[in-house]
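Chains as they are written, first to last, in the numbering used here: chain A, 895 to 1083; chain B, 895 to 1083.
Here a beta-carbon is modelled for each residue, glycine too, at the ideal position from N, C-alpha and C.
Following: one structure in structure tokens, then a few remarks.
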DNA sequence: GTCTATATTATGATAGAC
DNA sequence: GTCTATCATAATATAGAC
């Protein structure tokens, strides 16, 4: 067994469980069961559950960053890139309907009584905001307008996912994604 | 002390705590401390924590229903009523920035691993959706279009609140409220 | 680095006096 | 109806053998 392998297993299992069950409701016992790593081992890799969450957030940040970079390389125009962003909502529709947005739902949970972790959980959202704003600047918007519009795009996506999740309504999600894509791409037309 | 008074105290304290700290993270001990009612008494009024939550949801539903009825009586036009709805976002800005939306954040938490309570928690949202749709029908929209637009209005409000809460950004909330109000009122112009 | 105990504490829930 | 114990359980976290 390669070194650090059990650490990765723990992080992967925790990432999934934190998403599907929530941070607070996920116990080390469950992560141990899913990952196959006994929970006694957890504290060798992470001094606390909060530190495990930070590792999960870091992994998610890495994945998001890689995806955004890939889209910038693959797609030539800001318009196509923005459309690709919105299409995440339909590509991942099943999970979004079942569990909500992994970034947004975690932010909501941690925003209640956990200021430090809440701030950390914002980082994945920042990646999206900055990336969208960059596309809008490339399309001629001012920095200020670009950031405000990017935040609006994130807000609309979050709201659509939350509402579609609340009603278990896949059509709603699809409809909203279409409207957001139209609005965003017309902005850079 | 009037009959049922301690029950009301418990519900009021639970309602506030569930909002500010989340359902799972709020213990009976905390509700007991806030309400002044010993937790041993809780089980006389509610057979379980889940039942207490249902009482909280019922109280919230009553309040929302009363507010919506009042707006319909006070305000003559669908346009003015819709504007009033959106203005909740700025009226309650402080709490929304600090804790998020009481309806949306609870829905997000319960959506993770609690299908029954999740369904119950949808009821307050339904009140808003139906009320908004009714205003749009009164303004000439078809029932189907009205419902879809009402859901979009809810989605936009939820997204704006979630994002403003995530960033602690009151300006963002105000900006989005303005944009949503403009969009909604132009729909019925 | 990994695993098997186990400590400690907090929780939701009960029993039963008043 | 109200309150004071108290139970049973499950959680995070630790100790220490290997």
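For residue i, which residues from the same chain have a beta carbon less than 7 Å from its beta carbon, with the 5 sequence-adjacent residues on both sides left out?
i                      : result
residue 930 (chain A)  : 903
residue 962 (chain A)  : 1021, 1025
residue 1016 (chain B) : 1001
residue 905 (chain B)  : 949, 950, 953
residue 1062 (chain A) : 991
residue 923 (chain B)  : 933
residue 1075 (chain B) : 977, 980
residue 916 (chain B)  : 1003
Taking CB distances under 7 Å as the criterion, tell me whether residue i reaches chain B.
i                      : result
residue 1050 (chain A) : yes
residue 907 (chain A)  : no
residue 1006 (chain A) : yes
residue 971 (chain A)  : no
residue 1056 (chain A) : yes
residue 1002 (chain A) : yes
residue 895 (chain A)  : Here residue 895 (chain A) scores only 47 on pLDDT, less than 50, and its place in the model should not be relied on; the value that follows carries that caveat. Output row for residue 895 (chain A): interface = no.
residue 1045 (chain A) : yes
residue 958 (chain A)  : no
residue 930 (chain A)  : no
Using DSSP with H/G/I as helix, E/B as strand and the rest coil, what is residue i?
i                      : result
residue 940 (chain B)  : coil
residue 986 (chain A)  : coil
residue 1056 (chain B) : helix
residue 1081 (chain A) : helix
residue 929 (chain A)  : helix
residue 969 (chain A)  : coil
residue 1036 (chain A) : coil
residue 916 (chain A)  : coil
residue 902 (chain B)  : helix
residue 921 (chain A)  : coil
residue 1046 (chain A) : helix
residue 1063 (chain A) : coil
residue 1006 (chain B) : helix
residue 934 (chain A)  : helix
residue 959 (chain A)  : helix
residue 998 (chain B)  : helix
residue 954 (chain A)  : helix
residue 992 (chain B)  : helix
residue 1076 (chain B) : helix
residue 1071 (chain B) : helix
residue 1016 (chain B) : coil
residue 895 (chain B)  : Only weak support exists for where residue 895 (chain B) lies, its pLDDT of 47 falling under 50; the coordinates are left without a value.
Nearest CA to the CA of residue i: which residue from the options?
i                      : options                        : result
residue 1070 (chain A) : A:984, A:975, A:1082           : A:984
residue 987 (chain A)  : A:1032, A:1026, A:1054         : A:1054
residue 1045 (chain B) : A:1040, A:1023, A:1047, A:1068 : A:1068
residue 928 (chain A)  : A:997, A:900, A:1048           : A:900
residue 1023 (chain A) : A:1051, A:993, A:1006, A:1056  : A:1051
residue 1082 (chain B) : B:1010, B:977, B:1058          : B:977
residue 943 (chain B)  : B:958, B:1008, B:980, B:1040   : B:1008
residue 1048 (chain B) : A:998, A:1056, A:1041          : A:1056
residue 1042 (chain A) : B:1058, B:965, B:940, B:1042   : B:1058
For chain A, is any of its Cβ atoms less than 7 Å away from the one on residue i?
i                      : result
residue 939 (chain B)  : no
residue 1066 (chain B) : yes
residue 1038 (chain B) : no
residue 984 (chain B)  : no
residue 1020 (chain B) : no
residue 1076 (chain B) : no
residue 915 (chain B)  : yes
residue 926 (chain B)  : no
residue 1060 (chain B) : yes
residue 999 (chain B)  : yes
residue 978 (chain B)  : no
residue 919 (chain B)  : yes
residue 1016 (chain B) : yes
residue 1034 (chain B) : no
Near residue i, what residues of its chain come up, given a Cβ to Cβ distance below 6 Å and the 5 sequence neighbours on each side ignored?
i                      : result
residue 1029 (chain A) : 972, 975, 976
residue 1018 (chain A) : 954, 955, 958, 997
residue 1005 (chain A) : 1012
Considering only residues of the same chain and omitting the five flanking positions on each side of residue i, which have a CB-CB separation below 8 Å?
i                      : result
residue 918 (chain A)  : 1003
residue 1079 (chain A) : 973, 976, 977
residue 1032 (chain B) : 972
Is residue i near the ligand PLP - that is, is its Cβ less than 6 Å away from at least one heavy atom of it?
i                     : result
residue 936 (chain A) : Here there are no bound small molecules, and the ligand PLP is not part of this structure.
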